[in-house]
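Sequential numbering from 1 applies to the sequence shown in the UniProt record's numbering. A virtual CB, placed ideally from N, CA and C, is assigned to each residue, including glycine. Here the structure is laid out as structure tokens; the discussion comes afterwards.
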Amino acid sequence: MDFLDKMSRVLNRGLIWIGGLFLAAMILLTCANIFLRIVWVPVQGAYELMGYFGAIAGAFALGSTQIRRGHISVDVLYNSFPAGVRRGLTFLNSLLCLVFFCMAAWQITRYGTTLWRTGEVTETLRIPYFPFIYGMALGCGFLALVFLVDLLRTLFPREEGQK
Numbered sequence: 001m002d003f004l005d006k007m008s009r010v011l012n013r014g015l016i017w018i019g020g021l022f023l024a025a026m027i028l029l030t031c032a033n034i035f036l037r038i039v040w041v042p043v044q045g046a047y048e049l050m051g052y053f054g055a056i057a058g059a060f061a062l063g064s065t066q067i068r069r070g071h072i073s074v075d076v077l078y079n080s081f082p083a084g085v086r087r088g089l090t091f092l093n094s095l096l097c098l099v100f101f102c103m104a105a106w107q108i109t110r111y112g113t114t115l116w117r118t119g120e121v122t123e124t125l126r127i128p129y130f131p132f133i134y135g136m137a138l139g140c141g142f143l144a145l146v147f148l149v150d151l152l153r154t155l156f157p158r159e160e161g162q163k
């Protein structure tokens, strides 16, 4: 389980860096678009690129955010339960999220493959859709990996004194 946890952390750290690069590209594109709109003409396809870059940045941040427990959670009721019930609820939550994000990754991949086979491209820049769709599937898949690690950690908790 330690290997799986470490692998998940390394892969998601890589994705968060790539997502950060897409976010930086969004900032640069916005600045360039504002500047060029003032002095000449706006960047062609800026709206398209902002949407796709934002989707990749968001999808690639999912797993890392889950590892750090950075999502909003309301646990007032959860904390009132005994430890055994909380463990069961954590298991159920991890299992449901694992199944959901595996299915989401699979369906998004199928959709990306359909777009690839049909040759769908964006309207303005004529960029193929499928790489961005596959990127979103990758983000969902790595989030599912994080939920798998969470599920295993719930099933096999570490004893006190273990690494």
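By DSSP, does Pro128 sit in helix, in strand, or in coil? If you number the sequence shown from 1, residue 128 lands on position 128. It is a strand residue.
Look at the alpha carbon of Phe132 and the alpha carbon of Ala104, and state the distance between them as a whole number of angstroms. On the sequence shown, residue 132 is found 132 positions in, with the first residue counted as 1. On the sequence shown, residue 104 is found 104 positions in, with the first residue counted as 1. Approximately 15 angstroms, taken between the alpha carbons.
Neighbourhood of Thr122 by C-beta distance below 6 angstroms, restricted to the same chain and skipping five residues each side: One-based indexing of the sequence shown puts residue 122 at position 122. So the qualifying residues of the chain are Glu48.
Which two residues bound the contiguous alpha helix (DSSP H) that contains Gly45? Residue mapping note: residue 45 aligns to position 45 of the sequence shown, counting from 1. Neither: Gly45 is in no alpha helix (DSSP H) and is coded neither H nor E.
In the DSSP assignment, what are the bridge partners of Val121? Translated into positions along the sequence shown, residue 121 becomes position 121. According to DSSP, which records beta bridges pairwise, Val121 is partnered with Pro128.
For Ser73, count neighbouring Cβ atoms within 10 angstroms of its own Cβ and tell me buried if that reaches 16, exposed if not. The count along the sequence shown starts at 1 and reaches residue 73 at position 73. Exposed, by the Cβ-count rule.
Pair every Cβ in the region 63-77 with every Cβ in the region 12-21, then say whether three or more of these pairs are closer than 8 angstroms. yes
Please name the residue in Phe53, Val41 and Asn33 whose C-alpha comes closest to that of Ala25. Here the question's residue 25 lines up with position 25 in the sequence shown. For Ala25, the nearest C-alpha among the options comes from Phe53.
Anticipated Cβ contact below 8 angstroms, Gly45 with Thr124, distance rounded: For this step, residue 45 is matched to residue 45 along the sequence shown. For this step, residue 124 is matched to residue 124 along the sequence shown. Contact flag correct, Cβ pair sits at about 4 angstroms.
Residue burial classification, Leu96 (beta-carbon count within 10 angstroms, cutoff 16): Here residue 96 refers to the residue found at position 96 when the sequence shown is read from its first residue. Leu96 comes out exposed.
Alpha carbon to alpha carbon, what distance is there between Ile56 and Arg87? Reading the sequence shown from its first residue, position 87 is the one you call residue 87. Reading the sequence shown from its first residue, position 56 is the one you call residue 56. Their Cα atoms are separated by approximately 33 angstroms.
The alpha helix (DSSP H) spanning Val39 covers which residue range? Numbered from 1 along the sequence shown, position 39 holds the residue referred to as residue 39. Its alpha helix (DSSP H) spans residues Asp2 to Val39.
For the alpha helix (DSSP H) that contains Val74, what are its first and last residues? Sequence index remark: in the sequence shown, residue 74 carries index 74 (1-based). From DSSP, Val74 is part of no alpha helix (DSSP H); its letter is neither H nor E.
What three-state label does DSSP hand Phe53 in the structure shown? Stepping through the sequence shown from its first residue, residue 53 is reached at position 53. In the structure shown, Phe53 sits in a helix (DSSP, three-state: H, G or I).
Taking Phe156 and Met1 to be in contact with their CB atoms under 8 angstroms, please state how far apart those CB atoms are, rounded to whole angstroms. For this step, residue 156 is matched to residue 156 along the sequence shown. For this step, residue 1 is matched to residue 1 along the sequence shown. Yes, they are in contact, since the Cβ atoms of Phe156 and Met1 sit about 6 angstroms apart, within 8 angstroms.
What do you reckon, are the CB atoms on Leu151 and Ser94 nearer than 8 angstroms? Locating residue 151 in the sequence shown gives position 151, where the first residue counts as 1. Locating residue 94 in the sequence shown gives position 94, where the first residue counts as 1. Yes, Cβ-Cβ distance for Leu151 and Ser94 is below 8 angstroms.
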